[in-house]
Amino acid sequence: MSGDSKLNRPEYEALLKPLGKELVSLSRWVGEKGKRIVVIFEGRDTAGKGGSIDMFARVLNPRQCRVVALPSPSKREQSQWYFQRYIDHLPAAGEIVLFDRSWYNRAGVEKVMGYADEAQVEAFLKAVPEFERHLVDDGIMLFKYWLCCDQSVQELRFGNRLRNPMKRWKLSPIDQQARLHYDAYTEAREEMLRVTHTDFAPWTLIEFNDQQVGRLTLLRDFLDRVPDTELPLAEIDWPPLDHEPSKERYSVLQPLEPYKLPDEIEQRDMIHSWD
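Each residue of the sequence shown is one higher than the last, beginning at 1 in UniProt numbering.
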């Protein structure tokens with residue numbers, strides 16, 4: 001996670017664990033009741049969309065939960081109805097779809113960076129409420145989150161990506177330009193909210209200057225906005241083995257030598273074995 005937080009890692013994990021259990025319960029409810037859920041994650045670059053999505057995806061069955069992060073549209077897709085390429089990724093019964101950015105690209109990056117003209121943006125904003133009304137009327141549960149962070153925090157996170165080889169892949173030429181248009185993104189977001197924050201598909205803004213607290217806030221809000229999803233676990237007949245557990249045996253190939261652990265870990269395990 002990037003940036004300072006009020007929470008250290010153990011504190012964050014301890015607070016996240018019970019929410020994760022609720023999320024698993026919700027996913028079971030979605031599967032058994034055949035519900036369809038779409039969660040949209042939008043926000044500034046570095047706000048924390050990827051980490052928030054991972055918070056969901058890492059505890060859910062990947063056969064049930066899908067992450068959608070579409071690349072730039074192809075020439076063919078550019079000639080289609082704007083929403084067309086997103087429709088293929090909407091959930092079937094029992095599925096949860098997490099959009100890492102969404103059709104709202106048109107009102108954000110495409111508008112600010114000049115990839116869409118004013119007429120295209122205006123047409124999009126006019127069409128969105130009707131499009132989302134159809135989704136909701138058809139039974140899709142739609143959640144729209146916008147992750148917010150101050151420019152000073154954004155700059156720190158960009159700097160972290162620049163210096164950290166494991167995060168350098170997150171930087172793109174668009175990022176270099178986006179950081180120069182912080183205020184333009186604010187204006188585009190506010191115009192988008194005025195038009196697309198509806199009673200049937202509302203937006204929720206969450207401060208992500210502190211990413212750990214932001215994730216907990218987002219997940220708590222999401223869980224609070226779905227019905228009571230507590231379902232009893234089905235009884236599964238699971239008798240004990242009728243023999244001593246077997247050990248692995250090898251004849252054709254042998255496993256690799258185990259990873260060499262640091263000495264302090266080996267010593268710690270030896271001490272624990274003497275307790």
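By construction, the Cβ of each residue, glycine as well, lies at the ideal position given by its N, Cα and C atoms.
None of these values were measured; they are calculated from a predicted model.
- The Cβ atoms of Ala47 and Val112 do not sit closer than 8 angstroms to each other.
- Three or more Cβ pairs closer than 8 angstroms define a contact, and the stretch 238 to 257 falls short of that threshold against the stretch 152 to 162.
- Ranked by how close their Cα comes to the Cα of Arg179, the residues Gly94, Asp45 and Asp263 have Asp45 in first place.
- In the structure shown, the three-state DSSP call for Tyr82 is coil.
- Distances from the CA of Asp199 to each of Phe143, Leu218 and Gln254 were compared; the closest alpha carbon is that of Phe143.
- Going by DSSP, Leu98 is part of no alpha helix (DSSP H) but of the beta strand (DSSP E) stretching over Glu95 to Asp100.
- Following the DSSP letters along the chain, one finds Thr204 inside the beta strand (DSSP E) bounded by residues Trp203 to Glu207.
- Proximity to Tyr104 across Val226, Gln176, Lys6 and Leu193 peaks at Leu193, based on C-alpha coordinates.
- Taking a contact as a CB-CB distance under 8 angstroms, the pair Ile140 and Val38 counts as one, their CB atoms being some 6 angstroms apart.
- If you check the CB distance, Glu132 and Ala201 come in under 8 angstroms.
- Put simply, the stretch 161 to 175 does not touch the stretch 53 to 65. Fewer than three CB pairs are less than 8 angstroms apart.
- The Cβ-Cβ distance between Trp146 and Leu223 does not fall below 8 angstroms.
- In the structure shown, Phe200 adopts coil according to DSSP, grouped into three states.
- The Cβ-Cβ distance between Gln254 and Tyr12 does not fall below 8 angstroms.
- If you draw a 10 Å sphere on the C-beta of Pro10, you find fewer than 16 other C-beta atoms in it, and that means exposed.
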